[in-house]
Structure formats: structure tokens, C-alpha cells
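Chemist: Everything in the sequence shown is counted per the UniProt record's numbering, starting at 1 for the first residue and increasing by one.
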Amino acid sequence: MKEKAESFVVVEVIDPQGLARMENLKHVNLLDIVFSWTLMDVFNQDLFKQKMKKIPRTFDSIQDYMNSFIPALIEETHSDMSSSLAGVSQAPFAEISTLQKSKDFNHPHDMLYEITLKSTTDDVKGVGKYEPETGDVIAFTNTRPRRIDNLIMTREYCHIAYVRRSLDIFSGQIPILTSMFLENDIEIGVEFGERTSKAQKLYAVYLFNMITNVRIWKALTWKLEGADTNILMKVLKAHSTDRENCQICLSGENCSRSLVSPVAQAIIRANDLNKSQRDAVLSSITTNTCHHDDSVKLIWGPPGTGKTKTVASLLVSLLKLKTKTLACAPTNTAVLEVAARFHGLVKGSVGTPNCETYGLGDIVLFGNSSRMKIENYKGLEEVFLDKRVDHLLRCFTPGIGWKYYLESTIKFLKEPEEAYVLYKNGVVDEMSLEEFAKRSIKNIDTAYDSYKKRVSKNCDPMTLEKFLEERYACIVEQYQAYKDEKMLSAGMTMEQFIEHRLSFLGGKLKILMRTLYTHMPTSFIPLNVFKSMLRAMSLLKSLEVSTNQNVSEHTLSDCEDVQSVLCGHGLLGFERAECLVILNILSQSISLPESLNNKYAISQFCLKNACLVFCTVSNSSKLYIKEMTPFSFLVIDEAAQLKECESAIPLQLPGLSRVILIGDEKQLPAMVKSKISDKAGFGRSLFERLVLLGYKRHMLNVQYRMRPSISMFPSKEFYNQQLSDAPVVRGRSYRKRFLDGKMYASYSFINISRGEEQSNHDYSMINKIEVAVISQIIGSLKKEFVKTRKKISIGIISPYKAQVYEIQQKVKNYISVSDSLFSVSVRSVDGFQGGEEDIIILSTVRSNRSGKVGFLCNKQRANVALTRAKHCLWILGNAATLIHSRSVWRKLVLDAMERDCFHNAEEDKELGEVIEDAILDLELLDESVSLFQKLSLAENSEMLQISPGHRNQDRDCSDSAKTDTEVYSLQSIDN
1 MKEKAESFVV
11 VEVIDPQGLA
21 RMENLKHVNL
31 LDIVFSWTLM
41 DVFNQDLFKQ
51 KMKKIPRTFD
61 SIQDYMNSFI
71 PALIEETHSD
81 MSSSLAGVSQ
91 APFAEISTLQ
101 KSKDFNHPHD
111 MLYEITLKST
121 TDDVKGVGKY
131 EPETGDVIAF
141 TNTRPRRIDN
151 LIMTREYCHI
161 AYVRRSLDIF
171 SGQIPILTSM
181 FLENDIEIGV
191 EFGERTSKAQ
201 KLYAVYLFNM
211 ITNVRIWKAL
221 TWKLEGADTN
231 ILMKVLKAHS
241 TDRENCQICL
251 SGENCSRSLV
261 SPVAQAIIRA
271 NDLNKSQRDA
281 VLSSITTNTC
291 HHDDSVKLIW
301 GPPGTGKTKT
311 VASLLVSLLK
321 LKTKTLACAP
331 TNTAVLEVAA
341 RFHGLVKGSV
351 GTPNCETYGL
361 GDIVLFGNSS
371 RMKIENYKGL
381 EEVFLDKRVD
391 HLLRCFTPGI
401 GWKYYLESTI
411 KFLKEPEEAY
421 VLYKNGVVDE
431 MSLEEFAKRS
441 IKNIDTAYDS
451 YKKRVSKNCD
461 PMTLEKFLEE
471 RYACIVEQYQ
481 AYKDEKMLSA
491 GMTMEQFIEH
501 RLSFLGGKLK
511 ILMRTLYTHM
521 PTSFIPLNVF
531 KSMLRAMSLL
541 KSLEVSTNQN
551 VSEHTLSDCE
561 DVQSVLCGHG
571 LLGFERAECL
581 VILNILSQSI
591 SLPESLNNKY
601 AISQFCLKNA
611 CLVFCTVSNS
621 SKLYIKEMTP
631 FSFLVIDEAA
641 QLKECESAIP
651 LQLPGLSRVI
661 LIGDEKQLPA
671 MVKSKISDKA
681 GFGRSLFERL
691 VLLGYKRHML
701 NVQYRMRPSI
711 SMFPSKEFYN
721 QQLSDAPVVR
731 GRSYRKRFLD
741 GKMYASYSFI
751 NISRGEEQSN
761 HDYSMINKIE
771 VAVISQIIGS
781 LKKEFVKTRK
791 KISIGIISPY
801 KAQVYEIQQK
811 VKNYISVSDS
821 LFSVSVRSVD
831 GFQGGEEDII
841 ILSTVRSNRS
851 GKVGFLCNKQ
861 RANVALTRAK
871 HCLWILGNAA
881 TLIHSRSVWR
891 KLVLDAMERD
901 CFHNAEEDKE
911 LGEVIEDAIL
921 DLELLDESVS
931 LFQKLSLAEN
941 SEMLQISPGH
951 RNQDRDCSDS
961 AKTDTEVYSL
971 QSIDN
């Protein structure tokens with residue numbers, strides 16, 4: 001082992017300076033490479049610079065294709081580690097209580113340990129409490145790092161580890177894989193809190209999550225089970241198809257329509273698609289019928305053109321055609337947006353008019369439940385895998401499941417007299433939950449005692465009842481059912497018994513039927529079985545109603561015998577007989593696999609049998625499972641925001657024959673932290689590369705978001721005037737005014753010539769004059785809102801994170817959580833991609849004599865910023881700086897002048913006063929800057945030299961590379 005100052009190293013798995021012999025990386029894990037770095041390696045920004053090559057546009061082989069991305073993936077992981085360590089003082093952390101070898105520990109290959117955390121951690125200002133998740137990379141330190149120097153200059157204990165799985169709530173343990181053999185450094189299996197005074201504490205400090213990079217690595221090194229490179233072979237180079245000889249393509253749209261089922265055509269008509277949207281859906285559906293080799297299709301969706309609606313309509317059509325499809329997107333948010341729109345279209349169309357949930361079992365959405373916040377999307381819980389598994393587990397559990405209550409109901413309807421006799425003779429003392437659990441589960445005492453021993457040193461253990469609820473939820477349900485069935489209120493008459501029993505069994509059975517036809521695939525619950533369920537539920541309800549009516553009219557004393565009671569309750573009538581027949585048919589026709597007795601088995605069953613699956617591109621790696629029914633179609637939304645190497649995960653799914661990529665390469669691509677990786681083209685998407693190779697795109701050409709005055713410049717500058725305005729945005733009802741004056745028309749450039757740009761400690765830019773002007777405008781909007789009470793949504797955008805923060809602080813007094821009619825959202829340009837608001841106020845920040853605008857000149861970023869507004873877009877900036885920038889902003893200012901949309905801020909009296917006050921405040925602030933503050937800034941600058949990736953260096957427009965701070969987004973988007 002190297003000196004502790006460089007104690008991240010364990011084995012030189014791969015020469016960090018080299019990356020030679022790339023073909024051998026198939027036998028290396030990405031973690032092995034990360035674990036091989038020393039601290040000095042991590043902070044060496046040029047570690048891989050000499051070996052980095054630009055990723056080409058075409059590839060000679062699959063081997064060439066895969067290897068082209070590997071150096072950049074390693075460099076990007078390296079940059080993640082470097083930037084995380086640079087900000088370690090603000091990283092979430094937790095104190096470790098115990099650390100011990102795992103039973104699977106295998107030195108030196110798999111150094112697996114299990115840790116437990118102390119239940120409480122003292123709050124540290126600006127630092128969150130830490131709960132490790134799968135894929136987290138953590139640092140072990142014996143002192144909480146306050147600054148980078150703690151890790152570099154001292155010889156303190158420090159290792160890194162990878163979290164294999166999240167915390168097990170029953171054992172309190174977290175399995176980790178460490179970079180080093182720890183036995184020589186710390187006591188194994190000893191609780192740290194019980195050590196002597198000389199014993200040191202141990203902390204787990206969060207660095208970053210690398211689960212996505214690990215999955216990409218597996219995809220690039222042929223480690224996905226059953227991977228198929230058929231589709232990848234199609235995209236290595238530009239290839240000619242047989243399209244010109246394809247009669248289907250030559251015959252045009254009418255022939256394409258004839259190839260689509262009437263049901264799918266009805267769905268397309270019902271969704272009111274425009275011609276470009278309709279053609280996109282039709283051409284995608286008919287690709288399976290065409291004779292040419294058109295495996296990959298591109299749909300180009302500029303801002304506001306109904307891309308999500310088009311994708312959802314396509315997915316509904318594929319579902320109706322029973323085409324097994326995987327629908328992916330880069331982020332949880334993007335997946336949820338498509339799934340929500342799809343769910344709105346599909347509800348009721350997959351089943352029958354009488355039931356909107358039948359058929360949803362063919363649809364599965366899966367992902368990290370805590371990150372996806374599924375509860376915020378109405379209806380999606382019905383298709384979310386975790387929720388579905390919980391519902392189905394109750395259905396399949398003996399004693400409380402479908403089979404038990406179906407058989408109990410049939411038996412009761414057949415022999416109600418016997419049921420009553422058994423009731424009269426079977427009243428016993430009620431058991432406690434503990435007694436019931438002991439009878440139901442072998443060794444429950446041993447399991448509970450073992451749990452208490454594991455966790456008692458770290459926190460107060462759960463009570464037995466809580467333990468059963470968490471780990472054996474079905475037992476708690478069984479116990480409740482047992483109590484309900486006992487009906488211990490002694491002395492029940494026969495009428496009361498029949499009413500209670502029928503209501504109880506019928507209620508349970510109806511719930512289980514709904515669960516089955518909602519969550520089981522239609523291959524297991526076909527339409528005829530579903531209709532039988534509906535009839536059975538109707539008959540059970542009718543019998544219950546009859547029973548409830550008769551129980552108030554008859555008493556046992558009124559009846560001479562049991563038969564007359566049964567006749568009075570309708571249990572000897574035609575409805576009872578029909579109900580028994582249908583229930584017996586259901587008992588024979590519904591066959592549930594016996595293996596579905598745990599959550600994992602049920603989740604695999606749902607994924608294997610689904611017709612349509614939603615997930616992030618990264619999570620699609622979980623679909624490489626045995627006996628998976630092959631996917632025919634892959635649909636990737638927001639494909640232009642996805643690194644090409646990440647798309648390699650779903651593109652290798654076995655059996656895949658068609659891929660539909662939907663995106664817009666004119667908007668922002670995937671974020672890349674490393675400047676070296678970015679320069680190599682690591683952020684380029686497959687969508688963009690295929691466009692560069694000349695692949696034909698089907699364009700959605702009608703926009704429904706922006707007023708024509710707003711869309712005019714983006715359409716001309718970014719889309720060659722191919723973008724037209726929908727009638728709705730041209731109509732009178734769309735012409736909304738929020739403030740008086742020409743300056744506040746639907747589109748205007750507000751020149752702030754006296755603005756002053758400043759650089760903060762993170763080298764991000766601030767313009768406090770623009771902040772003051774924005775605050776004044778928001779104040780005016782708030783006053784108007786108070787008068788009219790008309791709903792309004794405002795978005796404030798700036799490319800720089802420091803400016804975003806300043807604006808947030810300035811306008812927060814105008815925002816009330818309780819007042820949902822007046823909303824203000826302040827985000828970076830990157831954070832606003834995909835969003836829209838009634839009013840957008842854009843702060844360009846830059847104000848200098850040389851015309852430098854840094855990364856602001858990026859046309860993709862400008863496109864996103866200029867296309868978020870629905871009714872009003874007000875752009876704030878220094879016109880002189882932007883005109884001299886030789887960028888897209890020069891064109892924008894000149895265009896505003898030509899259209900008479902250019903205004904000087906001082907023309908508005910209130911804005912003029914605000915600007916004067918802000919300038920005075922800045923002058924006073926400059927005079928009060930102390931020498932100590934200047935020295936502090938210099939010290940911070942020296943410290944940050946360790947991590948150049950964190951600087952926000954100003955560049956002219958010839959450099960379009962992005963730094964990680966410049967692509968800062970307030971929205972946390974996780975896979």
C-alpha cells in the first residue's frame with residue numbers, strides 16, 4: 001500500500017497514464033480503475049489527456065465503436081471524482097458505527113464489508129445528513145474533512161468504497177466494496193462507540209454516484225446478458241437503404257394508413273394529431289411492414305411542437321398492435337412526463353368503457369421510487385412496478401389471497417347452512433398478533449431476536465408489531481382477516497351472520513378481482529375472463545343488496561326453518577346459482593404461477609410479460625434477464641440529450657428490430673463535466689451523429705407554445721423557417737398582456753447599458769443591475785396580479801448559477817407557497833429545458849467592452865432560453881456587449897431593433913430609478929471591500945487550482961466547451 005497521503009490505491013489494475021491494450025478492458029471493471037487512483041491522480045487534470053482521441057463519426061467495427069467511448073467514460077468518471085473531492089467540505093456524511101467483513105469477502109478480488117451507521121448525526125450548517133444508496137462512491141475518513149487540504153496535506157486515514165446496495169432496514173447493514181484491505185488500519189467488527197479514548201471515529205462521506213457509468217461500462221465491454229449488437233451494426237456508418245425500391249414507401253401515406261389496424265387509426269384520429277405528427281406515428285408503425293432496412297428512425301421535435309403527445313400516441317398504437325416496446329428517456333423526469341401523457345391517452349382505451357383499469361397490467365413503469373416521486377403523477381401508481389408488486393403479493397399470499405377468498409366464497413354460497421353451524425360451534429378466544437404470527441411463521445421468535453441483536457447497538461429496535469408490519473406485512477393482513485372472520489360478537493342471528501359473511505367475503509373478493517384485472521398481464525386475464533369478473537362482481541353486489549334489505553324485514557323468530565331464511569335472502573335464487581357458476585369458471589380459468597411467492601419473483605414476472613415498459617435509459621440494464629420476451633421496438637424520447645455510449649445499453653437488448661429516436665439536436669445535449677471528454681465529443685448523442693451522417697429526419701413542424709412574435713427569431717435562426725405557428729397561438733385568446741407599455745409587449749429586448757458583470761468565488765458571473773431590474777418587474781407583476789387575481793406563471797432564466805442564486809434571493813419575498821395562482825420559477829437555462837411558462841424573463845448577465853460572452857454564445861443554449869415563453873419573452877442584456885460578441889446574440893439584438901422591439905431600460909421611470917439605486921449600492925460596496933476579503937479570495941483561488949474543472953473561465957465564442965458550473969441546474973434529475 002502506498003503512503004496514507006495517497007491511500008486510494010490498492011492494485012494497479014490499469015496504468016492510469018496509459019489505457020493501452022483497450023481490448024483487454026473486457027476483463028476489467030470500472031471500479032478497479034477508479035480504485036487504482038491515488039489522490040494525486042484524481043487531482044491531475046491531465047491524467048488522460050494524452051490518450052484521449054476524438055470520437056469519430058463512423059466506425060469500422062463493433063469493437064472500434066465500443067472502444068472509442070471508453071477513454072472518455074473513464075475521464076468523465078475521473079472528473080466526477082475530482083469535482084466531488086474539491087467540494088468535500090459541503091458533502092453529506094454519516095458516522096459509521098460498525099464495520100465488518102462480509103461473508104462473501106474474498107481478498108484480494110472482492111473486499112466486501114458491511115457497515116452500520118449511527119442513528120443520529122450532529123447537524124452541520126450547509127451539509128445534509130447522509131443515507132447511502134446503491135452506486136454511491138464514498139470516502140472513509142477518521143475526521144470529517146473541512147477542506148481539500150485535509151485529504152491532501154495530512155496523512156490521515158482515508159479510503160474510498162462503492163455502495164453495493166442501500167440500507168437493509170431489518171439488519172441496519174449496508175454492503176460496500178472497498179478499495180483496500182482494511183484490517184491493518186482499523187479494528188474489524190468492533191463498535192466504534194465502545195472503543196478506548198485512543199480509538200478514532202470513522203465517517204462515510206458522500207462523493208458521487210456512478211451507477212450509470214458502471215452500467216455504460218458493462219454495455220461497452222459486452223457484460224450484458226444475451227446482448228445483441230444487431231442494431232449497433234446498423235449505425236456504425238451512413239448506409240443506403242432500399243427505400244427507393246420499397247413499394248410501401250413509394251405509395252405514400254395512403255398505403256401506410258392501409259397497413260395500420262383500424263383500432264390504431266382510431267387512436268390517432270382521437271388524439272387530434274396534426275399532419276406532421278400523424279405522419280410520424282404512421283411511418284413509425286409501418287416500419288415493420290416495409291421491405292427496406294430502416295432499423296433506426298429519427299423524429300425531429302423542435303420546442304412546443306407536441307413531441308410528447310406524438311410519442312404517447314405512437315406508444316398507444318404500438319400497445320394496441322401488441323408490439324413489445326421499451327420506452328426510454330435520459331432522466332426520471334422525462335420518463336414520467338411521457339408516461340403521464342401516455343396514461344392519459346390510454347386510460348379506458350386498453351380495456352372497456354365499463355372499466356378503465358383493465359389492460360394496465362400490460363404496462364410497467366419502473367425506477368427508483370424515492371427519486372421518481374410517483375405520487376406527484378396522478379394515475380401512474382397503477383402501472384408503477386413497486387406498487388404493482390405489493391398489490392400482487394397480497395393476491396398470491398396463502399390465507400389472504402385470491403385463491404383463498406375465491407374458494408371461501410364458493411363454499412359459503414354452496415352451503416351457507418354449514419357455515420352458520422360452524423360459526424355457532426366455533427367461537428373461540430381471540431389470539432394476539434404475536435400468537436397468530438407464531439402459528440403462521442416458523443422460528444419467528446428467532447428472527448425477531450436476531451434482528452434486535454443486529455440493530456440494538458445502533459438504535460432502538462422496532463416493536464414486534466412494527467417488525468411484522470415492515471417485514472411480514474402479509475401476516476398482519478392475515479391477522480386482521482382472522483379477526484374479521486371470527487366475528488366474535490356472540491349471539492349473531494342467521495340473518496346477521498349471512499349479511500356479515502356475504503359482505504365480508506364479497507368485499508375481499510371484489511378487491512382481489514380488481515387487483516388481478518388491473519395488474520396482471522392480459523395474457524393471464526383475457527377479455528372473456530375479465531368480463532366474467534365484472535359479472536361476478538355485479539352478482540355479488542346484488543346479493544349483498546338483497547341481504548341488506550331483507551335483514552331489516554325478518555328476524556329468526558319470523559322464520560320456521562333455515563330454508564325459508566335462505567329464500568328470504570335470495571341465496572336459493574337464480575343470482576346465487578349464476579354467481580356460483582361464474583366463480584367456478586374463474587377458479588378453473590385463472591392459473592397463477594406458484595413461483596410468485598416473493599417480491600423479486602413477481603417483479604420479474606411483470607417485466608417479462610409486459611407489452612410496454614417505461615424506464616430511464618440507464619435502468620434498461622435491468623431488462624437483461626433470463627426468459628425475457630424479446631422487445632421488438634425501442635422508443636427513446638429526448639434522444640438528443642443522451643450520450644451515445646449510454647444509448648448502447650438499451651440498443652443491445654436481444655431481439656430488438658426497430659428503434660425510434662425522438663429529439664432535437666438544436667437544443668442542449670447531455671451534460672459533460674470534463675473539458676477533455678467534452679472536446680473529444682463524449683456528449684454527442686446518437687441522434688446528432690446520425691443527423692451529421694445524413695440520416696433523414698421526420699420533422700414536427702407546427703409549434704403550439706409561443707406567440708408568433710416570440711417564435712419568429714428561433715424559427716429563422718435555428719430551424720431555417722420550417723417551424724410554423726398553430727392556429728391556437730395566432731388566435732385572439734392567446735394575446736395576453738400582463739403589464740402596460742410597449743416595453744412589456746409579447747417580445748422585447750430591454751437594454752441595460754449600465755449593467756456590470758462580476759465574478760463570484762466560484763468564478764460564476766453576476767450582474768446585480770439586471771437582478772435589481774428583474775426584482776422591480778416581478779414586483780410590478782405582483783401588483784397587477786393582486787388587482788386581477790388572474791393566474792400567471794413566470795420563469796426567470798439565466799445561464800449562470802451565481803445569477804440564478806442572486807435572483808432567487810431578491811424575488812423570494814414575492815413568492816407565496818400558499819398562492820398557487822402566482823408562481824415564479826428561477827432556474828438555469830439547462831434546468832429549464834423542456835419547461836414553459838406564461839412569461840419568461842431572460843437575464844444574459846454579460847456586460848463588458850470587449851464583447852466577451854463566454855459560453856453564452858452556445859447556440860443550443862440560446863435556443864432553449866428563447867423558446868420557453870408562451871405569451872411574453874423579455875430579454876435583459878447589454879446590447880453593446882452582445883452586438884460585439886459575434887454570436888447568435890448579435891443577430892438577436894439587431895433583429896429586435898429591426899422589429900421595433902428594442903427598448904432602453906431607462907425609458908421606464910421606475911426601472912431607471914432602480915438602476916440608479918443599484919449602481920450606487922455597488923459603488924458603496926466596492927469602497928468597503930477589505931484587504932482581508934481580497935486575501936481570502938486569493939487563498940480560495942490557490943486552493944481551487946487543484947480542481948481546474950470547477951473554474952468558470954471566461955472564453956470567447958470560438959470555445960463552445962462547457963464547464964460543470966456553467967451547466968448548473970437547480971433541478972436535481974437522477975437515473
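Glycine included, each C-beta is placed from N, C-alpha and C at the ideal position. All values reported here derive from a predicted model rather than from experimental measurement.
1. Between which residues of its own chain and Q721 is the CB-CB distance below 6 angstroms, once the five residues before and five after are set aside?
2. Got a sec, what are the start and stop residues for the alpha helix (DSSP H) K405 sits in?
3. Relative to the alpha-carbon of A726, which residue among V383, Q703 and R388 has its alpha-carbon at the smallest distance?
4. By alpha-carbon positions, which one of L516, I750 and L177 ends up nearest to E907?
5. Classify P669 as buried or exposed, calling it buried when 16 or more other Cβ atoms lie within 10 Å of its own Cβ.
6. Under a three-way DSSP split, which group does D954 fall into?
7. Could you pull the DSSP bridge partners for N751 from this structure?
8. From what residue to what residue does the beta strand (DSSP E) around F614 run?
9. Exposed or buried, what is A577 when buried is set at 16 or more other beta-carbons lying within 10 Å of its beta-carbon?
10. Pull up the distance between the alpha-carbon of V28 and that of L220, whole angstroms please.
11. So, with DSSP's three-state summary, where would you put G779?
12. Relative to the C-alpha of E225, which residue among V635, I676 and P654 is closest?
13. Can you tell me whether D272 is buried or exposed, with buried defined as 16 or more other CB within 10 angstroms of its CB?
14. Let me know if S847 comes out buried or exposed under the rule of 16 or more other beta-carbons within 10 Å of its beta-carbon.
15. Can you give me the C-alpha to C-alpha distance between S764 and Y800, rounded to a whole angstrom?
16. What are the boundary residues of the beta strand (DSSP E) that includes K275?
17. In three-state terms, what does DSSP make of T308?
18. Exposed or buried, what is V786 when buried is set at 16 or more other beta-carbons lying within 10 Å of its beta-carbon?
19. Is T178 near M81, with beta carbons less than 8 angstroms apart?
20. Taking the DSSP output, what are the residues bridged to W300?
21. Which stretch, first to last residue, makes up the alpha helix (DSSP H) that contains F687?
22. Which residues mark the beginning and the end of the alpha helix (DSSP H) in which F69 is found?
23. Candidates F822, F140, T98 and M210: which alpha carbon is nearest I74's?
24. Applying the 10 Å Cβ sphere with the 16-neighbour rule, what's the burial state of K129?
25. I need the straight-line Cα distance from S850 to H884, nearest angstrom please.
26. Less than 6 angstroms between C-beta atoms, sequence neighbours within five positions excluded: which residues of the same chain meet that for A419?
27. Please work out which residues of its chain come closer than 8 angstroms, Cβ to Cβ, to L690, disregarding the five sequence neighbours upstream and downstream, and give them in chain order.
28. For the putative contact between L392 and I590, defined by C-beta atoms under 8 angstroms, what is the C-beta separation to the nearest angstrom?
29. Assuming P521 and N609 form a contact by the criterion Cβ under 8 angstroms, report the distance between their Cβ atoms to the nearest whole angstrom.
30. Between the C-alpha atoms of H903 and E638, what's the straight-line distance to the nearest angstrom?
31. Whole angstroms are fine: how far does the CA of A238 sit from the CA of R57?
32. If you count every other CB in all the chains shown that lies within 10 Å of the CB of Y358, and 16 or more means buried, which is it?
33. On the three-state DSSP scale, how would you describe L924?
34. From the DSSP secondary-structure annotation, give me the bridge partner or partners of I841.
35. Helix or strand or just coil, what does DSSP make of K852?
36. I want to know whether the region 729-748 touches the region 329-342 - three or more CB-CB distances under 8 angstroms.
Modeler: Put simply:
1. S715
2. At residue 405 the sequence reads Tyr, which differs from the Lys that was named. Element bounds for Y405: W402 to K414.
3. Q703
4. I750
5. buried
6. Any reading at D954 must be qualified, since the residue scores a pLDDT of 36, below 50, and its modelled position is unreliable; the value itself is stated next. Here D954 sits in coil by DSSP.
7. G877 and N904
8. L612 to T616
9. Answer is exposed; the Cβ neighbour count stays below 16.
10. 12 angstroms
11. The answer is helix: DSSP assigns G779 an H, G or I state.
12. It is P654 whose Cα lies nearest to the Cα of E225.
13. exposed
14. buried
15. 6 angstroms
16. Run containing K275: none in the beta strand (DSSP E); it sits in the alpha helix (DSSP H), K275 to I285.
17. In the structure shown, T308 sits in a helix (DSSP, three-state: H, G or I).
18. By the neighbour-count rule (16 or more Cβ atoms within 10 Å), V786 is not buried but exposed.
19. no
20. BP columns for W300 point to G663 and M699.
21. L686 to L692
22. Run containing F69: I62 to A86, per the alpha helix (DSSP H) assignment.
23. The candidate whose alpha carbon is nearest that of I74 is M210.
24. exposed
25. 7 angstroms
26. F412
27. When the five nearest sequence neighbours on each side are left out, the beta carbons in the same chain lying within less than 8 angstroms of the beta carbon of L690 are those of V235, V296, L298 and L661, in order along the chain.
28. Actually they do not touch by this definition, with Cβ atoms about 13 angstroms apart.
29. 4 angstroms
30. 36 angstroms
31. Their Cα atoms are separated by approximately 9 angstroms.
32. buried
33. helix
34. I796 and W874
35. coil
36. no
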